[in-house]
Amino acid sequence: MTALSPDEIERYARHIVLREVGGPGQVRLKAARVLVIGAGGLGAPLIQYLAAAGIGTIGIVDDDTVSLSNLQRQVIHGTPDIGRPKVESAAEAIARLNPNVRVEIHATRLTPENAEGLIAGYDLVADGSDNFSTRYAVSDACYRAGRPLVTAALGQFDGSLTTIRAHETGADGRPNPTYRCLFPSPPPAGSVPTCAEAGVLGALAGLMGSLMALEVIRAVAGFGEPLVGRLLMVDARSLRFETLSYAWDPGNPLSGTDR
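Add 10 to a position in the sequence shown, counting from 1, and you land on the number used in the working numbering.
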C-alpha cells in the first residue's frame with residue numbers, strides 16, 4: 011500500500027477493506043490505463059464510477075458535443091455544458107470527483123484507421139459507442155493489439171454486456187471468442203433504428219454503464235469471474251437478467267482457422 015497516499019487510503023477505504031480488492035487491488039486500479047469509447051449514455055456512468063474507483067488514467071474518445079436531449083441519460087454532463095465537447099465536460103467532471111485521476115481526451119471519432127493507435131497506449135478498453143461501425147472497429151483493433159475489451163449496447167428497454175479477451179485462450183486450450191464469434195457481421199445499414207429514432211430509457215443507460223464499470227474494475231483488481239464467453243442480457247421491462255454462453259467460432263475472420 012506504499013503506492014497509495016494517505017488521502018487515497020482514506021478515499022478508497024471501502025475498497026481496501028474488501029478482501030477481494032484490498033491494498034494490492036487498489037494499487038492495480040491506480041496503475042491502470044483504461045480507454046473509454048464514448049462519453050454518452052453508457053460512457054457517462056462508466057467514466058464516473060471508474061474515476062471514483064481510482065483508475066489511474068482514463069482516456070476518453072468522443073467527437074460529439076453536449077446537446078439538451080443528451081441530458082436525460084448522459085449524467086456526467088449538465089445544462090451549462092450544452093454545446094461543449096463531451097470530452098471536455100467529462101474531464102471536468104472527473105476532476106471534481108477525483109483529482110487523483112489523470113484524464114486523456116481524444117476529441118475524435120474512432121475509425122478502423124486510427125483505432126489501433128488510440129488503443130495501443132491503454133491496458134483495457136471499454137466500448138460504450140452507439141453505432142455498429144465503431145463497435146466492430148474497436149473489437150477488431152483490440153484483438154490485434156492484444157487488449158481486453160468490455161463492450162455493451164443499449165436498446166429501447168434492453169441492454170447487453172460482455173467481455174472479449176480474444177487474444178487469450180481459455181482453460182480448455184481453445185481460443186477465447188471474438189466479438190465476431192458472437193455477432194459475425196453488422197446488420198444492414200438502416201435496419202436498426204438509432205437512439206434518436208427509437209428512444210432509450212435513461213435509467214437503463216445508467217444501469218448498463220455501471221455494470222460496465224463493475225466489469226472493468228473486476229478485471230483490473232483481479233477478482234471474480236469475467237463475462238468472457240458470456241453475454242449478459244438485461245430486460246428493463248421485467249427487470250430480468252439472463253446470461254447466454256457463446257464460444258469461439260473457427261470460421262471467424264480474426265482468429266478462425268481460415269483467417
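Cβ atoms here follow ideal geometry from the backbone N, Cα and C, with glycine treated the same way.
Query	Result
Given 8 angstroms, three or more beta-carbon pairs between the segment 28-47 and the segment 201-216	no
Alpha-carbon to alpha-carbon, alanine 257 and glycine 239	6 angstroms
Integer Cβ distance of valine 244 from aspartate 168, believed to fall under 8 angstroms	6 angstroms
Alpha helix (DSSP H) runs wholly inside the segment 95-149, at least 4 long, in chain order	96-107, 125-129
Continuous beta strand (DSSP E) assignments of at least 3 residues falling wholly in the segment 150-199	159-164, 168-174
Distance between alanine 151 and alanine 49 (C-alpha atoms, nearest Å)	20 angstroms
Exposure label - aspartate 137; buried when at least 16 CB within 10 Å	buried
Rounded Cβ spacing between valine 44 and tyrosine 132 (contact assumed at less than 8 angstroms)	6 angstroms
Residue span of the alpha helix (DSSP H) that contains glycine 3, given as start and end	As shown, the chain starts at 11 and ends at 269. That puts residue 3 outside it, with no answer to give.
Three CB pairs or more closer than 8 angstroms across the segment 61-80 and the segment 106-126	yes
Contacting residues, own chain, Cβ-Cβ under 7 angstroms from arginine 94 (five flanking each side not counted)	Thr75, Val76
Residues sharing a beta bridge with methionine 243, DSSP	Ser170, Glu252
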